[in-house]
Amino acid sequence: MSTMPDSLWTSDLHANLTTGSRMTGLAGASNGPGADMMFDQNGELVWINGHAGEALITIAVPTYRDDASRMIRALSRCEGAEATELVVYDDGSGNPPMRERMRDALRDYPGPGKLVAARENRGRSHARNRLIAHGGTRWLLLLDADMLPDRKSFLKVYLAAAQACERPALFAGGFSLEQVRPRRNQKLHAAQSRRSECLDAETRARHPGRHVFTSNLLVHRDILQSVPFDDAYVGWGWEDVDWGLRVAEQFPVCHIDNTASHLGLDRDRDLMRKYRRSGPNFARLVRRHPEAARRMSLYKSARLLKWLGPLNWPLAWIAGAGARLAILPVALRLAGLKIYRAAHYARSV
Numbered sequence: 109m110s111t112m113p114d115s116l117w118t119s120d121l122h123a124n125l126t127t128g129s130r131m132t133g134l135a136g137a138s139n140g141p142g143a144d145m146m147f148d149q150n151g152e153l154v155w156i157n158g159h160a161g162e163a164l165i166t167i168a169v170p171t172y173r174d175d176a177s178r179m180i181r182a183l184s185r186c187e188g189a190e191a192t193e194l195v196v197y198d199d200g201s202g203n204p205p206m207r208e209r210m211r212d213a214l215r216d217y218p219g220p221g222k223l224v225a226a227r228e229n230r231g232r233s234h235a236r237n238r239l240i241a242h243g244g245t246r247w248l249l250l251l252d253a254d255m256l257p258d259r260k261s262f263l264k265v266y267l268a269a270a271q272a273c274e275r276p277a278l279f280a281g282g283f284s285l286e287q288v289r290p291r292r293n294q295k296l297h298a299a300q301s302r303r304s305e306c307l308d309a310e311t312r313a314r315h316p317g318r319h320v321f322t323s324n325l326l327v328h329r330d331i332l333q334s335v336p337f338d339d340a341y342v343g344w345g346w347e348d349v350d351w352g353l354r355v356a357e358q359f360p361v362c363h364i365d366n367t368a369s370h371l372g373l374d375r376d377r378d379l380m381r382k383y384r385r386s387g388p389n390f391a392r393l394v395r396r397h398p399e400a401a402r403r404m405s406l407y408k409s410a411r412l413l414k415w416l417g418p419l420n421w422p423l424a425w426i427a428g429a430g431a432r433l434a435i436l437p438v439a440l441r442l443a444g445l446k447i448y449r450a451a452h453y454a455r456s457v
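Whatever position you read off the sequence shown (first residue = 1), add 108 for the numbering used here.
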């Protein structure tokens with residue numbers, strides 16, 4: 109299902125890809141191990157697969173210690189892959205074997221492909237900015253390395269959107285757990301994702317800016333230049349929501365059903381650690397978008413629990429213990445997780 113305004117579409121959905129940029133391989137590059145890697149002017153190792161072609165979309169994949177080779181091979185099998193450029197940015201993982209696996213996968217990619225490896229980890233925002241700089245097209249498909257397209261038409265859908273759109277816009281495809289088999293210690297995250305994140309386009313479109321996840325979205329370059337990501341968000345949490353709300357104030361945000369599966373579910377303890385530490389980021393979101401925040405049930409719960417004062421500590425501990433207890437019904441574990449998160453956020457809002 110698509111929730112795109114009709115005004116975004118041209119009458120010809122099959123326009124030629126002449127608006128894309130021509131991406132060529134590195135002249136004289138060798139396929140021998142290490143022979144075709146070179147430092148660019150930014151001190152990054154760059155490898156290009158040598159495939160020439162007209163690209164309408166740049167698929168931009170940041171990774172830090174996540175092997176993107178499985179996703180690369182899945183994208184290679186998608187319809188329309190030859191009309192896309194794929195750029196993977198390894199943000200200082202320091203893992204040469206993983207880099208070789210990703211490079212091997214990129215060799216077989218039907219369209220132009222590029223692997224960029226940074227010397228050191230500089231963070232997610234820096235990786236995004238470098239991907240934008242390395243991309244050669246007006247449209248960028250932002251994908252996380254732990255995502256997997258759910259349909260072979262995945263790229264074809266985004267290509268059609270880019271071809272038909274008359275002005276800068278954002279297309280959010282959503283994500284699923286369709287191809288995921290959660291382990292026992294990941295079932296809490298799986299249940300939370302199904303409840304709050306794996307939503308269809310119609311549901312997401314009710315709050316278009318709030319349901320923007322940069323793990324799977326197509327965005328015009330003009331938007332990325334006009335609405336940069338906020339580097340003041342430290343660590344995990346809420347940066348995407350802040351960015352999505354700011355984009356929605358200036359540009360069309362269109363939700364479509366073009367999902368990818370999220371393979372990188374967190375273990376229970378890792379998910380709860382992220383929630384525990386992301387209170388300051390949530391507080392920043394509240395300051396920047398007070399009206400949107402007031403409509404969130406999480407904000408309302410945090411404000412209510414703030415009145416408990418010192419009692420927040422034992423409440424958070426009890427709720428967290430319940431959320432971790434695998435023998436409890438999932439509904440009770442999710443209730444405990446919500447209270448645990450709100451109790452920690454209450455200290456920041």
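We put the CB at the ideal spot given by N, CA and C, even for glycine.
The structure displayed is predicted, hence computed values, not measured ones.
Requested in this report: Tell me where the alpha helix (DSSP H) around His328 begins and ends.
Outcome: Judged by DSSP secondary structure, His328 falls outside any alpha helix (DSSP H) and instead within the beta strand (DSSP E) spanning Asn324 to His328.
Report task. Have a look at Asn293 and Ile435 and give me their C-alpha separation to the nearest angstrom. Result -> In this structure, the CA atom of Asn293 is about 12 Å from the CA atom of Ile435.
**Report entry** Exposure label - Lys446; buried when at least 16 CB within 10 Å
**Finding:** By the neighbour-count criterion, in which 16 or more other beta carbons inside 10 Å mark a residue as buried, Lys446 falls on the buried side.
Query raised in the report: Is there contact here, the segment 235 to 250 with the segment 340 to 348, by at least three beta-carbon pairs under 8 Å?
Result: Output reads no: the segment 340 to 348 does not touch the segment 235 to 250.
Query raised in the report: Could you give the C-beta distance for His319 and Gly221, rounded to a whole number, given that I count them as a contact under 8 Å?
Result: 30 Å between Cβ atoms; not a contact.
Query - Nearest neighbour of Asp61, chosen from Ile240, Glu190, Arg236 and Ser177 [CA to CA] - result: Outside the displayed span of the chain (109 to 457) sits residue 61, for which this structure offers no information.
Query raised in the report: Mind pulling the beta strand (DSSP E) runs of 3 or more residues that sit fully within the segment 269 to 301?
Result: Listed in chain order, they are 278 to 280.
Requested in this report: Measure the C-alpha to C-alpha separation of Leu416 and Val349 and round it to an integer number of angstroms.
Outcome: Roughly 28 Å separates the two Cα atoms.
Query - Whole-number beta carbon distance between Met255 and Asn324, since they are thought to touch under 8 Å - result: Indeed, because the Cβ distance is near 6 Å, the residues count as touching under 8 Å.
Requested in this report: Please confirm whether Leu285 and Ser304 have their CB atoms less than 8 Å apart.
Outcome: No, the pair does not count as a contact, with Cβ atoms beyond the cut-off.
Query raised in the report: Bridge partners of Asp198, per DSSP?
Result: Bridge partners of Asp198: Thr171 and Ala225.
Query raised in the report: Below 8 Å between beta carbons: does that hold for Tyr383 and Val457?
Result: In this structure, Val457 does not lie closer than 8 Å to Tyr383 by Cβ.
**Report entry** Assumed close pair Ser261, Glu187 - CB separation to whole angstroms, cut-off 8 Å
**Finding:** About 6 Å separates the two Cβ atoms, so the contact holds.
Query raised in the report: Taking 7 Å as the line, does the beta carbon of Trp247 fall inside it for any heavy atom of the ligand FAD?
Result: By its list of ligands, the structure shown contains no ligand whatsoever, and the ligand FAD lies outside what it can speak to.
Query raised in the report: Quick check: the segment 369 to 380 against the segment 392 to 405, are there 3 or more CB pairs under 8 Å?
Result: Between the segment 369 to 380 and the segment 392 to 405 there are fewer than three C-beta pairs closer than 8 Å, too few to call the two in contact.
Report task. Measure the C-alpha to C-alpha separation of Pro205 and Arg381 and round it to an integer number of angstroms. Result -> When rounded, the distance between both Cα atoms is 29 Å.
Query raised in the report: DSSP three-state call for Ser184: helix, strand or coil?
Result: Ser184 falls in the helix class under three-state DSSP.
Report task. Assess, as a yes-or-no matter, whether the segment 234 to 247 is touched by the segment 328 to 343 under the definition of 3 or more beta carbon pairs within less than 8 Å. Result -> Short answer: they touch.
Query raised in the report: So what's Ser49 in DSSP terms, helix, strand or just coil?
Result: Residue 49 is absent from the model: the chain starts at 109 and stops at 457.
Query - For Leu248, the residue or residues it bridges with in DSSP - result: DSSP output for Leu248 lists Thr166 and Val327 as bridge partner(s).
Query raised in the report: Using DSSP with H/G/I as helix, E/B as strand and the rest coil, what is Val394?
Result: The three-state secondary structure of Val394, taken from DSSP, is helix.
Report task. Spatial neighbours of Thr452 within its chain, please: CB distance less than 7 Å, with the 5 preceding and 5 following residues excluded, ordered by chain position. Result -> In the sequence on display, residue 452 carries His and not Thr. So the qualifying residues of the chain are Tyr383, Arg384, Gly387 and Ala424.
Requested in this report: Tell me Glu193's beta-bridge partners as DSSP assigns them.
Outcome: Looking at the DSSP assignment, Glu193 forms a beta bridge with Thr166.
Query raised in the report: Is Ile447 helix, strand or coil when you go by DSSP?
Result: Correct three-state label for Ile447: helix.
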